[in-house]
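Residue numbers (the working numbering), protein chains in the order written: chain L, 3 to 431; chain E, 3 to 431.
Below you can see the structure in the form of structure tokens.
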């Protein structure tokens with residue numbers, strides 16, 4: 003990261019001007035009606051469909067550059083846009099039109115003894131910055147959720163998606179302007195490179211909230227560097243503890259679903275803790291099924307003793323306990339009971355999702371009370387920590403911090419509140 | 003501010019050890035019942051009364067040092083503790099016992115289509131750090147509100163109050179331990195000086211929230227330096243706009259109360275904007291009354307034309323518009339209408355409290371919608387933005403940022419939530 007003092011003045015001026023314009027647009031959006039915002043969102047969905055060819059062409063340039071740079075197939079897949087994917091993105095924008103607008107909701111209202119009528123009313127945050135990696139769908143996700151909740155956005159995507167993002171942002175800005183809202187409601191700063199991201203992280207006068215979305219390294223960099231308030235999202239070193247009373251079927255189903263239903267995402271299972279008294283009953287079947295799904299298991303010899311003879315187990319190291327594999331790998335450990343399970347989770351949890359599988363009411367209560375995470379589950383797949391699954395509609399990410407938003411961040415989490423005091427001359431005595 | 007790399011390893015180890023112990027205490031407090039916490043708080047109040055002499059003696063050492071250092075009478079007054087003040091502090095602790103405990107409140111609950119019972123439950127934040135200036139009552143305020151809401155605290159007061167704070171923290175820790183809770187629920191780090199504050203601002207693994215309380219300089223330093231999430235409190239460049247339809251009596255009453263009822267606090271009025279059509283009616287009386295109360299008025303000649311001939315008006319400069327006087331001074335400006343008033347407030351507001359005085363419904367609505375501040379008032383004194391006045395009981399400060407807490411921060415703002423998912427084997431398809 004370049005020190006702020008070494009950034010070219012042109013970059014500082016350029017990003018600052020964009021952030022200032024975004025703030026002016028945000029003032030206008032704050033008093034824009036839900037109907038007007040929905041009209042603009044519909045225009046955005048239509049424009050994405052109408053400009054599919056242009057967006058695909060821009061994306062092809064990014065893909066070609068990615069191949070030249072030796073980008074992995076998994077990353078190329080995240081980067082790739084085709085007509086089907088753009089259609090799906092446009093449909094997701096239409097779905098946001100149908101979500102309730104949180105702006106204007108009265109969170110609390112009372113009349114004070116002196117007659118002042120007090121209301122706490124939901125209002126937009128203002129300007130939301132986002133710094134993320136090379137997934138161009140995130141550009142649309144964040145811009146659209148910000149707009150629906152009355153916010154302007156300033157977006158810094160990965161440089162590998164630069165052409166795609168530039169084209170998408172042009173399409174979005176034109177669509178928003180065609181619906182009579184300010185084009186500066188949506189802004190890209192990819193053209194300023196990494197230094198532009200640095201300026202954004204220091205634009206505290208104009209940016210109200212910064213959301214980093216990506217891997218641990220990106221998030222840590224933003225947390226360290228930003229003086230704009232940050233909400234951390236998405237790092238999930240997710241645990242499941244199989245208690246001695248768990249039934250084999252439930253344990254097997256939940257482990258398999260949590261690990262393999264979509265291994266690349268933050269709410270997938272990374273470390274399995276098994277009560278030593280349950281090991282003989284549940285582990286042979288769990289290990290066999292994981293093996294069948296191609297999952298690499300990291301464990302010690304006590305665990306390996308329960309594996310099918312043909313199965314290869316990788317020797318577990320301390321580093322595995324802290325690792326978010328985000329793929330078909332899992333660390334497995336025997337524990338002497340719920341206390342050891344809780345201690346292990348406290349030591350290694352990223353505060354995302356932690357689950358116990360048990361039939362014992364006391365242990366369920368103990369686990370829920372003792373574990374400090376955004377979501378704690380009893381006898382459920384870890385994969386349910388998700389805005390859609392929990393009933394919020396679309397989400398900007400899963401917050402793993404405690405301030406402001408914890409867990410899935412939907413539209414409501416992109417707002418703040420304003421206290422309104424209506425009186426007729428009250429003074430304080 | 004010392005660069006983190008230059009801090010003595012002993013300071014880093016010492017503060018980190020305290021923060022780690024505080025986190026362990028927080029784990030225990032998270033499952034401590036309200037009754038147990040209240041017993042500990044009552045013990046704290048009793049211990050403050052029983053140890054009045056020791057605390058006063060420690061405070062006398064701070065006062066003596068302050069006099070030697072040439073501290074102003076206003077600062078000495080903030081620093082001073084006597085038997086009456088300690089009795090008042092102990093009474094305020096008893097009042098916290100009577101407040102409702104937010105921990106365990108269910109914020110939202112629903113049953114998902116798949117049968118998972120979902121609840122969003124209020125839980126403590128964990129460890130709350132505070133960095134503040136030389137007012138030893140703040141030590142008790144923050145420690146006690148943190149404890150009531152199930153949090154441990156790590157406190158860094160001003161070095162000028164070092165002896166008072168050390169004695170108070172000893173009394174508090176002993177009282178908490180005597181009630182069976184961990185002494186590490188309350189911790190001081192004054193002994194490590196400024197470098198200790200720096201380590202605290204980087205102790206992200208152990209500290210969940212940092213609250214700076216003090217002047218603009220202190221708050222800006224913490225915002226710039228801290229990688230622990232911060233809530234900004236208390237800077238109030240507060241405006242009042244007198245619209246053309248305001249009655250003289252209401253305008254005079256509200257200006258006088260807002261400026262002079264307690265000028266040293268953040269919700270007192272700093273800049274008065276007057277509609278030019280109201281100037282002739284309201285200004286002579288307002289200026290005369292301000293003069294009578296000894297308030298220094300900063301204004302231009304258009305305003306001065308309405309002043310009593312004997313009154314001295316100070317020539318206003320651009321800097322006055324941005325200034326939080328926190329004393330018997332005020333800036334006054336004529337504006338051509340509500341648009342200019344809103345533009346001026348947008349340019350100079352610190353986002354604390356802004357008030358309009360009007361009889362016009364459209365202008366009241368416009369002002370409330372357009373002004374981006376924690377509190378917006380219509381025909382009320384600015385002094386009502388206060389936890390006690392708005393009905394929250396005690397407060398830790400007034401948040402002027404948009405994330406997590408905006409406006410008075412009471413017990414609820416010292417908590418976060420946890421999503422609890424109760425199921426019987428649900429998997430995601």
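Where a beta carbon is used, it is the ideal one built from N, C-alpha and C, also for glycine.
Quick caveat: nothing in here was measured; it's all calculated off a predicted structure.
For residue 422 of chain E, the chain L residues whose Cβ falls inside 7 Å of its Cβ are 370, 378, in order along the chain. Distances from the CA of residue 325 of chain E to each of E/61, E/206, E/272 were compared; the closest alpha carbon is that of E/272. Between residue 80 of chain L and residue 136 of chain L, the C-beta spacing is below 8 Å.
Within 10 angstroms of the beta-carbon of residue 10 of chain E lie fewer than 16 other beta-carbons, which makes it exposed.
Shown here, residue 247 of chain L sits in coil according to DSSP, grouped into three states, outside any helix or strand.
Sixteen is the threshold: since fewer than 16 other Cβ atoms of the shown chains lie within 10 Å of the Cβ of residue 303 of chain L, the residue is exposed. Pairing residue 46 of chain L with residue 154 of chain L gives a Cβ-Cβ distance that is not under 8 Å.
The secondary-structure analysis by DSSP pairs residue 38 of chain E with nothing; it has no beta-bridge partner.
Selection L/227, L/391, L/231, L/60 evaluated against residue 212 of chain L yields L/231 as nearest (Cα-Cα).
Residue 108 of chain L is classed as exposed because its beta carbon has fewer than 16 other beta carbons within 10 Å across all chains shown. At least one CB atom of chain E sits nearer than 8 Å to the CB of residue 426 of chain L. Cβ contact annotation for residue 263 of chain L (same chain, cutoff 8 Å, sequence separation greater than five): 270, 383, 385, in chain order. Spanning the alpha carbons of residue 297 of chain L and residue 138 of chain L requires a straight line of approximately 29 Å. The contact set of residue 393 of chain E on chain L, defined by CB atoms closer than 7 Å, consists of 112, 114 in chain order. Within the segment 115-182 of chain E, the complete alpha helix (DSSP H) runs of at least 4 residues fall at 138-150, 164-180. Put simply, the CB of residue 138 of chain L is far from chain E, with every gap to its CB atoms at 8 Å or more.
In terms of CA proximity to residue 55 of chain L, L/83 leads the group L/96, L/83, L/33.
Of the other Cβ atoms in all chains shown, 16 or more fall within 10 Å of the Cβ of residue 164 of chain L; this residue is therefore buried. Residue contact with chain E for residue 120 of chain L: present (Cβ-Cβ distance below 8 Å to some residue of chain E). Within chain E, the residues whose beta carbon sits less than 7 Å from that of residue 226 of chain L are 229, listed in sequence order.
For residue 383 of chain L, the closest Cβ of chain E is nearer than 8 Å. Residue burial is scored here from C-beta neighbours: residue 187 of chain E has at least 16 other C-beta atoms within 10 angstroms and is therefore classed as buried. Within the DSSP bridge table, the entry for residue 189 of chain E names E/156 as partners.
Distance from the CA atom of residue 308 of chain E to the CA atom of residue 241 of chain E, rounded to whole angstroms, is 20 Å. Taking the CA atoms as reference points, residue 104 of chain E sits about 15 Å from residue 121 of chain E. Secondary structure at residue 213 of chain E: strand, using DSSP grouped into helix, strand and coil. Counting along the chain, residue 401 of chain L sits inside the beta strand (DSSP E) bounded by residues 399-401.
In this structure, residue 156 of chain L keeps its C-beta atom at 8 Å or more from the C-beta atom of residue 27 of chain L. Short of 8 Å from the beta carbon of residue 171 of chain E, and not among the five residues preceding or following it, lie these beta carbons of its own chain, in chain order: 141, 145, 157, 188, 189, 190. Counting C-beta atoms within 10 angstroms of its own C-beta, residue 193 of chain E has fewer than 16 neighbours from the protein chains shown and is therefore classed as exposed. Annotation: residue 354 of chain E has no Cβ neighbours in chain L at a cutoff of 7 Å; minimum Cβ distance is about 11 Å. Residue-level contact by beta carbon holds for residue 127 of chain L and chain E, with a gap shorter than 8 Å.
With fewer than 16 other CB atoms across the displayed protein chains lying within 10 angstroms of its CB, residue 74 of chain L is exposed. When DSSP states are grouped into helix, strand and coil, residue 346 of chain L belongs to the helix group. Contact annotation: residue 376 of chain L and residue 406 of chain L have beta-carbon atoms that are not nearer than 8 Å. Distances from the alpha-carbon of residue 259 of chain E to those of E/332, E/40, E/106, E/415 put E/332 closest.
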